[in-house]
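Chemist:
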Amino acid sequence: MTRMRIALAAAAAASALVLAGCAGGGDGAEEPTEEAAPTFEAGTTMAELADAGSITVGTKFDQPLFGLIGPSGVPEGFDVEIAKIIAGELGISEEDIEWVETVSANREPFIENGQVDIVVATYTINDTRKEVVSFAGPYYMAGQSILVLADNDDIESEDDLVGQPVCSVTGSTPAAKLAEIGAEPVLTDTYSNCLEPLRSGQVVAVSTDNVILAGLAAQNEGEFKVVGEPFTEEPYGIGLALEDDEFRNWINDVLEAAYEDGRYEEAWNSTAGEVLPFIEPPAVDRY
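Using mature numbering (1 follows the signal peptide of the UniProt record, and there is no 0), the letters of the sequence shown map in sequence onto residues -20 to -1, 1 to 267.
Right under this line is the structure:
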């Protein structure tokens, strides 16, 4: 497991304090005041994280547009920006986020074992997962689709995958759907590891959420194409500890505020929006 800690030692006089202008100016200008730090009820996850001044976030490290290690050595993408919004509302700067690589198969164990505080990792909400973790959101609605070689005109929909070897990822909802429709799933740990089997002809396609496939196609321009219409609905949620209702409801409040004030759309446009059109976010689930 790749693990990365991004921590910059804060200077003794952090810039969180905004100092007044030159003393004795006598111009009547008001002195800027320090912005109040967020406060939370004692004993809540929000209070614990805010007091610690850091948060551990599980995300993908190999998903173009959503979570991909960038030139700076830290993950970049839409999921990463959503996590930064949540951290910011806790008073935690992005420099104090610990990013932990999560793949599809380890997201629930990492939450259950306390290895991460939240998971923001193209994480589809479903009833089976809700038995062991809780979800805030959804914050995006994806759909399963198909990636093929650019010169493949034989596969146009999920019907053409029946009886065919198709690559997906262990522990993912797309892998289960492939088996359900009669394809032959060829499973690996990350979607990027599906590309070489597709190039070599070991599999005829890769199948997962359309936004993930669009990112892979964009990253490998001219090699692959996404075909057909999405044939499932995949609501992406933020995974957290089971039955931490206060934290889940608080994250939902943060998401709704970000929808309203433009931070959500800004996060999209600076990442996935470079390839995919913006769509209005789905309503959060207040279960």
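Quick reminder that beta carbons are idealized off the backbone N, C-alpha and C, glycines included.
1. Compare the C-beta of residue 236 against all C-beta atoms of chain C and say whether one is closer than 8 Å.
2. Assuming residue 116 and residue 222 form a contact by the criterion Cβ under 8 Å, report the distance between their Cβ atoms to the nearest whole angstrom.
3. If you follow the alpha helix (DSSP H) that residue 235 is part of, which residue opens it and which one closes it?
4. Helix or strand or just coil, what does DSSP make of residue 218?
5. Need the endpoints of the alpha helix (DSSP H) that residue 90 sits in, please.
6. Hey, residue 185 and residue 146: beta-carbon distance below 8 Å or not?
7. Quick one: grab the DSSP three-state call for residue 256.
8. Tell me where the beta strand (DSSP E) around residue 38 begins and ends.
9. Secondary structure at residue 187, three-state DSSP: helix, strand or coil?
10. Applying the 10 Å Cβ sphere with the 16-neighbour rule, what's the burial state of residue 250?
11. Per the contact definition of three or more C-beta pairs closer than 8 Å, is the stretch 253 to 262 in contact with the stretch 186 to 206?
Modeler: For this structure:
1. Note that chain C does not occur in the displayed structure, where there is just one protein chain.
2. Not a contact, Cβ separation roughly 13 Å.
3. 225 to 241
4. strand
5. 87 to 92
6. yes
7. coil
8. 35 to 39
9. strand
10. exposed
11. yes
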